[in-house]
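Trainee: Mind having a look at this structure? Questions to follow.
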Amino acid sequence: MAVDGARRAADPAQRAADPAQRAAALRRRYALRHAAARVGVYTAAILAALLCAGPFVWSAVTAYKQNRDLYDPSNNPFVFNRPPTSDHVTYLFTDTAFPTFAWNTLWVAVLVVAITLVLALPAAYALARLDRPWSGPLGIAIFLVYLVPPSLLFLSLSRLVVFAGLQDSTWSLVLVYPTITIPVSVWLLMGFLKSIPRDIEEQAMVDGYSRLGAFMRAVVPLAFPGIVAVVVFAATLTASEFIYALAFVSPTDQMTVSTGVPTQLVRGDVFFWQSLQAATVLVAVPIAFVFNLFLDRFVAGFTMGAVKG
Amino acid sequence: MATTTAERVGAAPPPTKRRLADRDNVLAWVFLLPSVVYIIALVAVPFGLAIAFALSDVTAGDPSFDYVGTRNFRRAFDDPVFWRALRNTFVFTGISMLLIVVLGKVLANILVANFRGKWLVRFLVLLPWTTPVALSSIAWLWLLDSIYSPIDWVMRQVGFLGPGENMYWLGRPGLAMTSVIAVHVWRLTPLAAVILMAGLVAIPRDIEEAARVDGAGYWRRMFEITIPLVLPVIAVAALFGAIFTFTDMAVVRVLTRGGPNDATQVLASWAFYRGIEGGDVAQGAAVALFLFPLLLAAAIAILRAVRRIEGQ
Chain A
1 MAVDGARRAA DPAQRAADPA QRAAALRRRY ALRHAAARVG VYTAAILAAL
51 LCAGPFVWSA VTAYKQNRDL YDPSNNPFVF NRPPTSDHVT YLFTDTAFPT
101 FAWNTLWVAV LVVAITLVLA LPAAYALARL DRPWSGPLGI AIFLVYLVPP
151 SLLFLSLSRL VVFAGLQDST WSLVLVYPTI TIPVSVWLLM GFLKSIPRDI
201 EEQAMVDGYS RLGAFMRAVV PLAFPGIVAV VVFAATLTAS EFIYALAFVS
251 PTDQMTVSTG VPTQLVRGDV FFWQSLQAAT VLVAVPIAFV FNLFLDRFVA
301 GFTMGAVKG
Chain B
310 MATTTAERVG AAPPPTKRRL ADRDNVLAWV FLLPSVVYII ALVAVPFGLA
360 IAFALSDVTA GDPSFDYVGT RNFRRAFDDP VFWRALRNTF VFTGISMLLI
410 VVLGKVLANI LVANFRGKWL VRFLVLLPWT TPVALSSIAW LWLLDSIYSP
460 IDWVMRQVGF LGPGENMYWL GRPGLAMTSV IAVHVWRLTP LAAVILMAGL
510 VAIPRDIEEA ARVDGAGYWR RMFEITIPLV LPVIAVAALF GAIFTFTDMA
560 VVRVLTRGGP NDATQVLASW AFYRGIEGGD VAQGAAVALF LFPLLLAAAI
610 AILRAVRRIE GQ
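Those protein sequences? They're chains A and B, same order as listed. Under this note's numbering, the residue at position 52 of the first sequence is numbered 52, and the numbers go up by one with no gaps. Here this note's numbering = 1-based position in the second sequence + 309.
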């Protein structure tokens, strides 16, 4: 990095009138500026990480605290004032339905993502490529659907859910969540598919594939980064959805994490604080880990989709 | 739906397959129909139903439908809580959007920079957005607790608060709103940062290099090149942020339940309170409907801005 900076500094210096001296001065200035920039970047990065993740670190500490340690306002909340205990974390797994909530969240997310892709990918392709006169207005219409929020629909959707016989069942969420994920996925994928050169599928069709075959074998593999972006985005939206889950599902064994944990671990005025904090960390870390694995692909997919589309 | 069609077509003899699968207009319909039918059934129909509910006297106890005209809207207008919720919604959305976009831009700049431990920093920064909002809000509920708040503890240590004193973060109207906004901004800034990263990555490197060779410093490059170039993406991030904020009630619901004295009530949480908990479906639907024209106006404004910027 330092070598890089020096080389760059050397470039304008060569053009200078009085080479030796000015080059030296410039190089010093650039080196100083470079060092300052490095310090700035690291300070900013550490500060950002602390601000964002601080509550989770503190949650992880709190989860292992004894009651007598936690419920004393004069104790330092950031360290263990008494020996840590794993009782509350064990309680989460043995005495609450937390594993069920986690499992429900997982399979709902997988099914919703699958449904979203099966519906949104062909729709996006039709809107981006098949040049129908109505594809422009329809694309905008589908995006506008995204603007009709759960808080507007939950009352009437809960009637439809009852009508479908899915009230108080996790399946109601599988049925309804794609309304949130499909519009935004179609929109992202549309932009992404537009960025794939037409020549590729035309070549595939010249080689003997049908339009459908070209879509399946040539376009879908190339759209992979966009698909990853959609999968990650849809899964995150599904896992954190709150209103529908709260309005449609009330039996404990059917709940997802985002409604189950607050209702199970807050009984009346009694909060099971340590278990709540443990649940938060246990859910947060795996999702963020997976998201981070795909972050670069997600950004690439978003770049193609939203920026160039 | 689309896959079953594909299989059916695939099972047919080759000549038919070639003809059917090659006709663009048929294929376009086959590709689009499942999504369109699904959206009509589960968005358009409930949307119509919501309008119908708002004009009726449906309650949880008496689901029979009777037309009552605009009575629910008049009742909403007469209720001071409605006006407070409307104002709160605007304050909540406006302030958090501004903060989310500005902080998101700063965060995006950090995340695209090169430094050691980048993977870890990115992971930590993503946490607020990827955690289900109900859970992270509960973690904050304790951080803002009236007696045990760790923030109060720190303030007592440095002397901002006397011994035994507390801030009551969620108990005082102005402070409660500040807390709700702060938690919301904390949660959504990483999303804005990720969207803005997409914009930063898309800037052609040679423009940046050329400006650097011409001697433009960091801040000058930032304000005269980077920000104008990512403006459309900033608008997209703002749109996402606004929609999330405007319609979100999870943070309000978990942290304050609209209190104290409806000081943090927003339209979405009030509609939920009236419609599901109060059982007055019609009134809840009428309140929720107010979200739509406002959202539509915001979306049109932002999309037009994007088009104008791109048209330049």
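In this text, a Cβ means the ideal position worked out from N, Cα and C, and glycines have one as well.
Is the distance from the Cβ of Val230/A to the Cβ of Val510/B below 8 Å?
Mentor: As a working note, residue 230/A is residue 230 in the first sequence. As a working note, residue 510/B is residue 201 in the second sequence. No, the pair does not count as a contact, with Cβ atoms beyond the cut-off.
Trainee: Let me see if you follow: with CB-CB separation under 8 Å, is Val503/B close to chain A or not?
Mentor: Counted from its first residue, the second sequence places residue 503/B at position 194. Yes - at least one Cβ of chain A is within 8 Å of the one on Val503/B.
Trainee: Quick one: Cα of Ala284/A to Cα of Val290/A, how far?
Mentor: As a first step, residue 284/A must be located in the first sequence, where it is residue number 284. As a first step, residue 290/A must be located in the first sequence, where it is residue number 290. Their backbone Cα atoms lie some 10 Å apart in a straight line.
Trainee: Within 10 angstroms of the Cβ of Met531/B, are there 16 or more other Cβ atoms? Answer buried if so, exposed if not.
Mentor: Counting from 1 along the second sequence, the entry for residue 531/B is found at position 222. Looking at its Cβ environment, which holds fewer than 16 other Cβ atoms inside 10 Å, Met531/B is exposed.
Trainee: Thinking C-beta only, is Val575/B closer than 8 Å to Val561/B?
Mentor: Position 252 of the second sequence, counted from the start, is the residue given in the question as residue 561/B. Position 266 of the second sequence, counted from the start, is the residue given in the question as residue 575/B. Cβ atoms of Val561/B and Val575/B: closer than 8 Å.
Trainee: At a Cβ threshold of 8 Å, is Val377/B touching chain A?
Mentor: If you number the second sequence from 1, residue 377/B lands on position 68. Chain A, which has no Cβ nearer than 8 Å to the Cβ of Val377/B, makes this no.
Trainee: Starting from the Cα of Thr280/A, find the closest Cα among Gly526/B, Gly378/B, Ser446/B, Ala595/B and give me that residue.
Mentor: For the purposes of this step, residue 280/A is identified with residue 280 of the first sequence, where counting begins at 1. Taking only the C-alpha atoms, the option nearest Thr280/A is Ser446/B.
Trainee: If you check the beta carbons only, do Val434/B and Ala547/B fall under 8 Å apart?
Mentor: As a position in the second sequence, residue 434/B is number 125, starting the count at 1. As a position in the second sequence, residue 547/B is number 238, starting the count at 1. No.
Trainee: What do you reckon, is the C-beta of Pro569/B under 7 Å from a heavy atom of the ligand HEM?
Mentor: In the structure on display, the ligand HEM does not appear, and there are no ligands present to speak of.
Trainee: In three-state DSSP terms, what is Phe242/A?
Mentor: The residue labelled residue 242/A in the question sits at position 242 within the first sequence. Correct three-state label for Phe242/A: coil.
Trainee: From the DSSP secondary-structure annotation, give me the bridge partner or partners of Arg267/A.
Mentor: What you label residue 267/A is simply residue 267 of the first sequence in a count that begins at 1. Answer is Val270/A, bridged to Arg267/A.
Trainee: Which same chain residues end up closer than 6 Å to Leu612/B when comparing Cβ atoms and leaving out the 5 residues on each side of it in sequence?
Mentor: As a working mapping, residue 612/B is identified with position 303 in the second sequence. Same-chain partners within the cutoff: there are none.
Trainee: In terms of residue numbering, what span does the alpha helix (DSSP H) encompassing Asp366/B cover?
Mentor: Reading the second sequence from its first residue, position 57 is the one you call residue 366/B. That residue, Asp366/B, is in no alpha helix (DSSP H); it is neither H nor E in DSSP.
Trainee: So the candidates are Phe401/B, Ala448/B, Ala544/B, Val354/B; which of them puts its Cα closest to the Cα of Ala53/A?
Mentor: In the first sequence, counting from the first residue as 1, residue 53/A sits at position 53. For Ala53/A, the nearest C-alpha among the options comes from Ala448/B.
Trainee: Name the two residues that bound the continuous alpha helix (DSSP H) containing Leu470/B.
Mentor: As a working mapping, residue 470/B is identified with position 161 in the second sequence. Element bounds for Leu470/B: n/a, residue is neither H nor E.
Trainee: From the DSSP output, read off the bridge partner residues of Tyr376/B.
Mentor: Looking up residue 376/B in the second sequence gives position 67. Bridge partners of Tyr376/B: Ser365/B.
Trainee: For Leu152/A, count neighbouring C-beta atoms within 10 Å of its own C-beta (all shown protein chains included) and say buried if the count is 16 or more, exposed if not.
Mentor: Here residue 152/A corresponds to residue number 152 of the first sequence, with the count starting at 1. Its Cβ being crowded by 16 or more others within 10 Å, Leu152/A is buried.
Trainee: Of the residues that make up the region 92-116 of chain A, which ones have a beta carbon closer than 7 Å to any beta carbon in chain B?
Mentor: Against chain B - using a Cβ distance shorter than 7 Å - the region 92-116 of chain A contributes no residues.
Trainee: Just to make sure I have the definition right: I need the residues of chain A whose C-beta is within less than 9 Å of the C-beta of Tyr347/B. Which are they?
Mentor: Position 38 of the second sequence holds residue 347/B. Ordered by position in chain A, the residues that pass the 9 Å Cβ test against Tyr347/B are Ile115, Leu119, Pro178, Thr179, Ile182.
Trainee: Could you tell me which of Phe248/A, Ile227/A, Thr238/A sits nearest to Trp107/A, measuring between CA atoms?
Mentor: As a first step, residue 107/A is located in the first sequence; it is residue number 107 there, counting from the start. Comparing Cα-Cα distances from Trp107/A to each of Phe248/A, Ile227/A, Thr238/A, the minimum goes to Thr238/A.
Trainee: So what does DSSP say about Ser185/A, is it helix, strand or coil?
Mentor: One-based indexing of the first sequence puts residue 185/A at position 185. The answer is helix: DSSP assigns Ser185/A an H, G or I state.
Trainee: Taking C-beta pairs closer than 9 Å, name the residues in chain A that Arg616/B reaches, listed in chain order.
Mentor: Along the second sequence, read from residue 1 onward, the residue named residue 616/B stands at position 307. Those do not exist, as Arg616/B stays about 12 Å from chain A at its closest Cβ, beyond 9 Å.
Trainee: Check whether the Cβ of Pro149/A lies closer than 8 Å to any Cβ atom in chain B.
Mentor: On the first sequence, position 149 is the one that residue 149/A refers to. Output row for Pro149/A: interface = yes.
Trainee: Shortest alpha-carbon distance to Val467/B belongs to which of Pro149/A, Pro183/A, Asn76/A?
Mentor: For the purposes of this step, residue 467/B is taken as the residue at position 158 of the second sequence. Of Pro149/A, Pro183/A, Asn76/A, the residue nearest in Cα terms is Asn76/A.
Trainee: Beta-carbon of Ile243/A versus every beta-carbon of chain B: anything under 8 Å?
Mentor: Start at 1 with the first residue of the first sequence, and residue 243/A comes out as number 243. Cβ-Cβ to chain B under 8 Å: yes for Ile243/A.
Trainee: With 16 other CB atoms within 10 Å as the buried threshold, where does Val79/A fall?
Mentor: To locate residue 79/A, count along the first sequence from 1; it is residue 79. With fewer than 16 Cβ atoms within 10 Å of its Cβ, Val79/A is classed as exposed.
Trainee: Are the Cβ atoms of Pro499/B and Leu416/B separated by less than 8 Å?
Mentor: One-based indexing of the second sequence puts residue 499/B at position 190. One-based indexing of the second sequence puts residue 416/B at position 107. A contact, by the Cβ cut-off of 8 Å.
Trainee: Where do the N-terminal and C-terminal ends of the alpha helix (DSSP H) with Ala37/A fall, by residue?
Mentor: Within the first sequence, the letter at position 37 stands for residue 37/A. Unbroken alpha helix (DSSP H) run through Ala37/A: 19-63.
Trainee: Strictly below 9 Å CB to CB, what residues from chain B border Gln277/A?
Mentor: For the purposes of this step, residue 277/A is taken as residue 277 along the first sequence, with counting starting at 1. The contacting residues are Ile447, Ala448, Trp451.
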